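Asks: Heads up: the protein sequence lines correspond to chains A and B, in order.
Okay, so the first sequence: first residue is 1 according to this note's numbering, each after it adds one.
Okay, so the second sequence: first residue is 1 according to this note's numbering, each after it adds one.
Supplied in structure tokens, the structure appears directly below.
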Amino acid sequence: MELGKIEKLLERYEEGRTSVAEENLLRDYFLSHEVPPHLSSYKLIFRYTSSQRDEKLETEPKMGSSRSKIAWSSIAAVLVLALGVYFFNEADQNLNQNDISSVSDEELAIQKTKETLNMVSQLMNEGTADLVYLQEFNKTTNKILKTD
Amino acid sequence: MKERTFLNIIDPVKDKMYRLALRLLTSKEAAEDATQEVILKLWDRKEKIKHYANVEAFAMTVTKNYCLDQLKSKQNSHLRIVHQNYESHAQSLQSEIEVNDEMVLLGRIVEKLPEQQKMIFQLRDIEQYEYEEIAEIMEMNQTAIRVALSRARKAIRESLIKKHNYGIR
């Protein structure tokens, strides 16, 4: 093909008016011929566009494997949660029922309450007994203040 | 639809999808992930796919939209900065190296184009789609595509010439 025709085609190419077939004609021409320097930029462009088609997706597409993993793990999580809640509630109920049955007698209930309160106050007193040492602390600070 | 049939439909398109994703997202990993994600999306909609006249164009449209979304979302805003991982299979020959340098340079020039021009250039000059198909993929009319393509082609050549003159002077 003569150069004049090529230049005509290039003009239309730049304006986006060439067909795919004409563009392939240009590409073939530039890839297989030596061209004058003012057209060498086209040579590079055509070389670039044809080289870019070699880029391939290297990983094989996987179907649904990652999705189903997420799905399965969410099912597992829900199961664990449901079972956990179920057993927890079960245990709680048993505890409550035992407690109620053990203090069915009112008399006994009062007795138990008194015992408990007594124990609490006793422990309280034991606790406050230890606080006596605080007094000692106050004494010493007073001494220091006096010497000053 | 069986997985096999689906893969047979996708197989001839998947490299084109990957290349479009690569053009937009620049990084190979991101492009691979995007292609995988789009294929999964299509697989989820496999029953609807049968009704599309042109499955390939539809797959390309989904890829385009997915990549544009990726570019918009903040988490991937760093992708633009990541340099393209060009592998140079350069031989020791000086001319080979020069040609590869030119290819890298061209890659950078194309990268600087606006996204729309980049995509249209990719679809026409690299994948060699007809204007009709590009119009379908890009969801634009053919005249607008011709205009954008013309701009892209001119811009690429102009910046290539500019770069060359810098090298000489």
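Even for Gly, the Cβ is constructed at its ideal location relative to N, Cα and C.
Source: prediction; values computed, not measured.
1. Is isoleucine 6(A) close to chain B? Criterion is C-beta to C-beta, closer than 8 Å.
2. Taking glutamine 36(B) and lysine 62(A) to be in contact with their CB atoms under 8 Å, please state how far apart those CB atoms are, rounded to whole angstroms.
3. Against serine 74(A), what residues of chain B qualify as contacts under a CB-to-CB distance less than 7 Å, listed in chain order?
4. Can you find a CB in chain A that lies within less than 8 Å of the CB of glutamine 91(B)?
5. For asparagine 65(B), which of Glu115(B), Ile126(B) and Ala53(B) has the nearest alpha-carbon?
6. Taking the alpha-carbon positions, what's the lysine 48(B) to glutamate 102(B) distance?
7. Against chain B, which members of the segment 20-35 of chain A pass a CB distance test of less than 8 Å?
8. To the nearest angstrom, how far is it from the Cα of proline 36(A) to the Cα of lysine 72(B)?
9. For my contact list, lysine 16(B) and glutamate 127(B) are in at a C-beta cut-off of 8 Å; report their separation, rounded to the angstrom.
10. Select from Val104(B), Gln117(B), Arg19(B) and Asp44(B) the residue whose C-alpha is nearest the C-alpha of arginine 146(B).
11. Thinking just about the alpha-carbon of each residue, which of Ala53(B), Ala34(B), Leu105(B) and Met60(B) is nearest to the one in arginine 47(A)?
12. Determine the contact status of asparagine 8(B) and glutamate 136(B), defining contact as a CB-CB distance below 8 Å.
Replies: A quick look at the data gives this:
1. Counting from 1 along the first sequence, the entry for residue 6(A) is found at position 6. It does not: the Cβ of isoleucine 6(A) has no partner Cβ on chain B nearer than 8 Å.
2. Here residue 36(B) corresponds to residue number 36 of the second sequence, with the count starting at 1. Here residue 62(A) corresponds to residue number 62 of the first sequence, with the count starting at 1. Taking 8 Å as the upper bound for CB-CB distance, glutamine 36(B) and lysine 62(A) are in contact here, some 7 Å apart.
3. Numbered from 1 along the first sequence, position 74 holds the residue referred to as residue 74(A). Residues of chain B with a Cβ closer than 7 Å to the Cβ of serine 74(A) do not exist; the shortest Cβ-Cβ separation is about 17 Å.
4. Within the second sequence, the letter at position 91 stands for residue 91(B). Only weak support is given to the placement of glutamine 91(B): the predicted model assigns it a pLDDT of 43, under 50, and the value that follows is read from those uncertain coordinates. With 8 Å as the cut-off, glutamine 91(B) does not count as an interface residue toward chain A.
5. Sequence index remark: in the second sequence, residue 65(B) carries index 65 (1-based). Check the Cα spacing between asparagine 65(B) and each of Glu115(B), Ile126(B) and Ala53(B): the tightest is with Glu115(B).
6. Position 48 of the second sequence, counted from the first residue, corresponds to residue 48(B). Position 102 of the second sequence, counted from the first residue, corresponds to residue 102(B). Between the C-alpha atoms of lysine 48(B) and glutamate 102(B) there is a straight-line separation of about 44 Å.
7. Of all residues in the segment 20-35 of chain A, Val20, Glu23 and Asn24 have a Cβ within less than 8 Å of some Cβ in chain B.
8. Within the first sequence, residue 36(A) is the residue found at index 36, counting from 1. Within the second sequence, residue 72(B) is the residue found at index 72, counting from 1. Cα to Cα, proline 36(A) sits roughly 43 Å from lysine 72(B).
9. For the purposes of this step, residue 16(B) is taken as residue 16 along the second sequence, with counting starting at 1. For the purposes of this step, residue 127(B) is taken as residue 127 along the second sequence, with counting starting at 1. The Cβ separation is near 5 Å, so the contact holds.
10. Translated into the one-based positions of the second sequence, residue 146(B) becomes position 146. Shortest Cα-Cα distance from arginine 146(B) to any of Val104(B), Gln117(B), Arg19(B) and Asp44(B) involves Gln117(B).
11. Looking up residue 47(A) in the first sequence gives position 47. With distances taken between Cα atoms, arginine 47(A) lies closest to Leu105(B).
12. Residue 8(B) sits at position 8 when you count from the first residue of the second sequence. Residue 136(B) sits at position 136 when you count from the first residue of the second sequence. For asparagine 8(B) and glutamate 136(B), no; Cβs fall outside 8 Å.
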